[in-house]
Structures are given as structure tokens and as C-alpha cells.
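Report on the following structure.
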Amino acid sequence: MKQQIGYMALVVADYDEAIAFYTQKLHFTLLEDTVQSPTKRWVRIAPPGSPESGLLLAKAANEEQKSRIGNQTGGRVFLFLYTDDFWRDYQDMTDKGIHFIRPPKEEYYGTVAVFEDLYGNLWDLIQSK
């Protein structure tokens, strides 16, 4: 048996601002942007080198969903962005105004720092040992 997680839905306030943030500041690739209705689009993005998994940007459609924007996990780190060069990406992200809420730290598993996306979701930037 073989299984894999393809995409995770990330609730956003606006498709275009989310696309701009992830593609311009994190270098994600916009894989698909298909209009499904006047209010819904199928928007898939992925980090460089990761075409089989990524995020499905899902615009909040009601007040319940809007209340989850930026806090889909109750304040815990939500997503983990692995890199092959921590310091390159950390410097690039800080130069682009990404807010790191926990500074870089050496852990037994690698180098890690916690940053916020444009909505406040927490991410780990990690380079494994």
C-alpha cells in the first residue's frame, strides 16, 4: 500500500494577496488557479522542488471560516517548511519582511526558527541534520 498527503487547505482572506505572499516572499510556485464560480477558485501552490504536496488556498466563505484565518491550529505551529540551506532562506525571508517569532536555534534534529505568514499562521523553517 502507498499513500501520501497531497494538499492541505489553508483558509485565507483573499486569493490574490495570499498568492502574492507565498510566491513573492517564500518563492512558492503557483501550480493552478482555476475559477470555479464567481466567489470560488481552485488555487494550488507548492514550495520549490515539492510538486506532489503543497497548499490549497481556500478563501473563507462565511464567518465561521473567517474566524479561523491565521489560527487554524489554536496557536501551535501549523506547517513545516524544510529547506536545504537554512541560513540562505532565513536571510532571504528576513530581508523580505517575514516576521520570525522565535529566532534560529540548533536542535537535535536540525536548525529551526518559527515565522508567521501574512495571516499569522505559525510555520517552522527547518534544515534537518
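In UniProt numbering, the protein residues as written are 1 to 129.
Heads up, the beta-carbon is just placed ideally off N, CA and C, and yes, glycines get one too.
All values reported here derive from a predicted model rather than from experimental measurement.
- In the three-state reduction of the DSSP assignment, Q65 falls in the helix class.
- Note that the C-beta distance between G54 and Y7 is below 8 Å.
- As the crow flies, the alpha-carbon of E17 is around 13 Å from that of I45.
- Taking 8 Å as the cut-off, the Cβ atoms of D89 and T83 count as close.
- Remark: C-beta atoms of T94 and P104 do not approach each other more closely than 8 Å.
- Beta-carbon to beta-carbon, K25 and I101 are separated by about 16 Å, too far to satisfy the 8 Å threshold.
- Beyond the five residues adjoining it in sequence on each side, Q127 comes within less than 6 Å, by CB distance, of T83, F86, G110 and T111 in the same chain, given in chain order.
- Under the Cβ criterion (8 Å, minimum of three pairs), the stretch 60 to 76 does not count as touching the stretch 30 to 38.
- Nearest C-alpha to D117 among V43, E52, F78 and S37: F78.
- Counting only residues of its own chain and dropping the five nearest sequence neighbours on each side, A58 has a CB closer than 6 Å to the CB of A9 and V11.
- Classified as exposed, Y108 has fewer than 16 neighbouring CB atoms from the shown chains inside 10 Å of its CB.
- Nearest to Q3 by alpha-carbon distance, out of E52, W42, V43 and P38, is E52.
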